[in-house]
Amino acid sequence: MKRYLIALPLLALLPGCLEGTESATACNSSGGTSVGTIIPRGDGGYALTFSAMGNSCSAVFRNVRPGKTELSPVTCTGDGSGNATMVYAADGSPDRVTFGGLGIGSGTLIF
């Protein structure tokens, strides 16, 4: 019984389990694929997590403006670093994110 109590909160953190979470897959310019997930934040912004060339990376977007873009630095495990640009749809929801940098290659995740 205790195993289930521990597993349930962990399942809520998996992509697709949180309300409003969206996932996407993209070809990476340096080979392979990158998988990303957008997670709505309580402050109205979005968090992005994605994999790139063996790194687990994240970025936070706080300035949601419908039909506009927002640039955010990317933080990665390992030696990867770079930037990500969020493109917002007309309703303010995430449309796509383009990322690039050292040790992470580049790609566009379309949500």
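In mature numbering (1 follows the signal peptide of the UniProt record, and there is no 0), the protein residues as written are -20 to -1, 1 to 91. Note that CB positions come from ideal geometry on N, CA and C, so glycine has one too. Please read all numbers here as calculations on a predicted model, not as lab measurements.
Cut-off 6 Å between Cβ atoms - residues of its own chain near G11, not counting five sequence neighbours on either side: Excluding positions up to five away in sequence, the list is empty.
Member of S38, S52, C37 whose CA lies at the smallest distance from the CA of V44: When each option's Cα is compared against that of V44, the closest is S52.
Euclidean distance between Cα positions of N19 and D59: Rather than Asn, the amino acid found at residue 19 in this sequence is Ile. Roughly 24 Å between the two C-alpha positions.
For G72, the nearest candidate out of Y26, S9, N8 (CA to CA): Nearest of Y26, S9, N8 to G72, Cα basis: Y26.
Residues bridged to M66 (per DSSP): In DSSP, M66 forms a bridge with E50, V77.
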